[in-house]
Structure formats: C-alpha cells, structure tokens
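In our numbering, the protein residues as written are 39 to 335.
Even for Gly, the Cβ is constructed at its ideal location relative to N, Cα and C.
Just so you know, these numbers come straight off a predicted model, no measurement behind them.
Take a look at the structure:
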C-alpha cells in the first residue's frame with residue numbers, strides 16, 4: 039500500500055446541508071436545495087488535499103451501517119486511504135446538518151457522538167506499526183480536528199506517537215474550541231482558528247485577526263492562523279511576529295467547509311515551499327474560490 043502524504047484525524051461523516059438564496063431569520067420557511075455529501079472537518083480537509091494531488095489517510099470512526107458503507111465507498115472513489123478507519127458494530131455513522139441562507143450560516147447541529155465514543159480506537163494504526171509506533175512515530179503532517187474529546191486531545195498532546203509529527207490543528211466549531219487548550223502550546227502544533235475561536239481560547243474578545251494572532255502567541259502558541267470571514271486574516275509565529283492579508287472579494291454562495299479548505303490549501307502551499315506571505319495568500323484564494331462556488335464539492 040502506498041504511504042499516505044498526510045493523516046487526517048477527526049470527523050468523517052455525512053453533511054446534510056440546506057441552502058437557500060433567500061436571507062433567513064428564526065422561523066423562516068423558504069425554498070432551496072438540500073444535499074448530502076461526505077463531510078466533517080477531517081474529511082473536508084482531505085477532500086481539498088486530494089484536489090491538490092495529495093493522498094490523505096483518514097483516521098476516524100465510521101459505523102458498520104449502510105450509511106457507513108456508502109461513506110467509505112465515496113471516500114475510496116475520491117482516492118483517499120480508508121484502510122485505517124475504525125469500523126464500529128454498535129455505533130452509527132455520524133452526521134452534520136446545517137441551514138445556510140443568503141445571510142450566511144443560520145444554524146447547524148453536529149452529531150459526532152460516535153467519534154467521541156470511539157476514543158483512542160481511531161489511533162490504533164499510529165501505534166501498531168502500520169503508520170508508526172512509540173519508537174518510530176509518524177514523522178509527517180497530521181491534520182487534527184477538535185471533534186475529538188478534550189480527554190483524547192490531552193492524551194495526544196503528551197503522546198510519543200505524535201512527538202515527530204507536524205501537527206496542524208483546527209477546532210470543529212467555536213463551541214468546541216476550548217477542547218484545543220491542551221494543544222495550545224504544543225511545540226509542533228500550528229493552530230487554525232477563526233476570530234471567535236481565538237477569543238474563546240484566550241478568554242477575551244479581539245478586534246481583528248492580527249490582534250487575535252498576537253494574543254494567542256502571547257498565550258504560548260508557537261504558530262497560529264486566524265481567519266475572520268471576508269476580513270483580514272493573520273498568521274503569527276513565536277519570534278517572527280504577525281503577518282496579515284485580506285481575502286479577495288467574492289460573492290458568497292456557501293460557507294460550510296470554508297475554514298477547512300483554507301487550512302488544507304495552506305498546508306499544500308507550505309509543502310510546495312512557498313514563503314509565509316505567499317502561502318497565506320494562496321490559502322485565502324482557495325477559500326474564496328470555495329465559498330464563491332468556483333470549486334465543486
């Protein structure tokens with residue numbers, strides 16, 4: 039089997055997205071389109087990595103149900119390595135449901151209970167020799183998402199299985215941002231957060247992404263990227279300061295998965311050897327193309 043280019047650890051599930059071109063408020067009942075497609079933070083990152091020609095391996099929990107079989111088949115068709123997925127006999131395949139209108143994300147519910155219940159079973163391939171071991175840990179990139187429990191993220195932060203990895207970490211949502219606190223000061227971690235998530239991690243409110251990046255660096259983060267929708271985005275590193283850039287203006291047609299696309303595109307840009315400024319600009323361009331609908335799902 040070909041060795042994967044990167045490991046994507048976290049949620050792999052079905053996204054059920056309702057989109058309407060109409061602005062909505064609480065109680066709105068409007069015409070639109072409802073789609074079901076592979077999703078989850080780890081999955082969204084993996085899909086973008088595939089578009090750029092990389093081969094990601096998925097480490098997650100997927101049920102041994104019809105929805106799980108369909109999901110794995112869809113992943114395999116896209117060229118992803120699914121050999122290391124944990125298949126549960128008694129846990130259903132997870133799902134995410136969102137409603138989006140012309141005025142952005144209206145509401146979303148993430149049902150990642152099976153991933154949380156599976157715990158460290160999803161990491162078995164990292165310790166049994168298939169992808170690594172305590173003595174020879176995985177040496178490459180790992181994209182890690184905050185759908186894992188805080189207990190498991192704490193284990194990962196101290197585990198020798200992750201000691202040699204280039205960790206790229208993202209919260210699943212603002213509501214789960216605090217789960218990343220054990221990884222905030224991990225010496226090999228890069229955090230990808232939005233402005234709200236940065237504020238939650240620092241227990242304050244920031245006026246913009248550059249201020250948030252400075253705040254996270256002051257809290258001990260070795261490296262961070264902070265997005266703020268269509269406004270200024272920032273990247274900060276310990277000892278190297280903060281840089282910022284603005285995403286290109288586009289007509290927004292979707293928002294679910296935009297942050298994951300940004301993260302994956304930034305990873306690809308750095309793998310190609312781009313400098314800080316160029317890597318940030320490339321990631322912003324990819325995210326803008328995604329939200330405008332120029333990149334297909």
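Segment limits, alpha helix (DSSP H) that includes residue 329: Looking at the DSSP string, the run of the alpha helix (DSSP H) that includes residue 329 is 314-330.
Three-state secondary structure assigned by DSSP to residue 218: helix
Residue 57 versus residue 293: straight-line alpha-carbon distance, rounded: 10 angstroms
For residue 86, the first and last residue of its enclosing alpha helix (DSSP H): Going by DSSP, residue 86 is part of the alpha helix (DSSP H) stretching over 79-89.
Residue from 200, 232, 108, 179 with nearest C-alpha to residue 211: 232
Contacts around residue 335, its chain only, beta-carbon distance under 7 angstroms, and the 5 residues preceding and following it disregarded: Only weak support is given to the placement of residue 335: the predicted model assigns it a pLDDT of 48, under 50, and the question is left unresolved by the model.
Where residue 107 sits in the DSSP three-state scheme: helix
Span of the beta strand (DSSP E) around residue 309: Residue 309 -> not in any beta strand (DSSP E); alpha helix (DSSP H) instead, spanning 296-309.
Nearest-angstrom beta carbon gap, residue 177 and residue 203 [assumed within contact, 8 angstroms]: 7 angstroms
Through-space distance from residue 68 to residue 138, alpha-carbon basis: 11 angstroms
For residue 172, the three-state DSSP class (helix, strand or coil): coil
Of the listed residues 136, 269, 278, nearest to residue 256 (C-alpha basis): Ranking 136, 269, 278 by CA distance to the CA of residue 256 puts 278 first.
Simplified DSSP state of residue 186, which is helix, strand or coil: The answer is coil: DSSP assigns residue 186 none of H, G, I, E or B.
Opening and closing residue of the beta strand (DSSP E) in which residue 270 lies: Element bounds for residue 270: n/a, residue is neither H nor E.
At least three beta-carbon pairs within less than 8 angstroms, the segment 97-107 to the segment 120-138: yes
Backbone secondary structure at residue 68 - three-state DSSP: coil
Presumed contact (8 angstroms Cβ cut-off) between residue 199 and residue 164, rounded CB distance: 5 angstroms
Backbone CA spacing between residue 314 and residue 127 [nearest angstrom]: It is roughly 45 angstroms from the alpha-carbon of residue 314 to the alpha-carbon of residue 127.
Coarse secondary structure for residue 45, derived from DSSP in three states: Residue state, collapsed to three classes: strand.
Own chain residues within Cβ distance below 6 angstroms of residue 243, not counting five before or after: 237
Where residue 92 falls: helix, strand or coil (DSSP): coil
Rounded straight-line distance, which links the Cα of residue 104 to that of residue 260: 42 angstroms
CB contact flag (residue 143, residue 150, <9 angstroms): no
Reference residue 283, options 251, 239, 276, closest by Cα: The residue with the shortest Cα to Cα distance from residue 283 is 251.
Distance CB(residue 247)-CB(residue 287) smaller than 9 angstroms: Going by beta carbons, residue 247 and residue 287 fall outside the 9 angstroms limit.
Segment limits, alpha helix (DSSP H) that includes residue 213: It is not in any alpha helix (DSSP H) - residue 213 carries neither H nor E in the DSSP assignment.
Residue 263 - DSSP class collapsed to helix/strand/coil: strand
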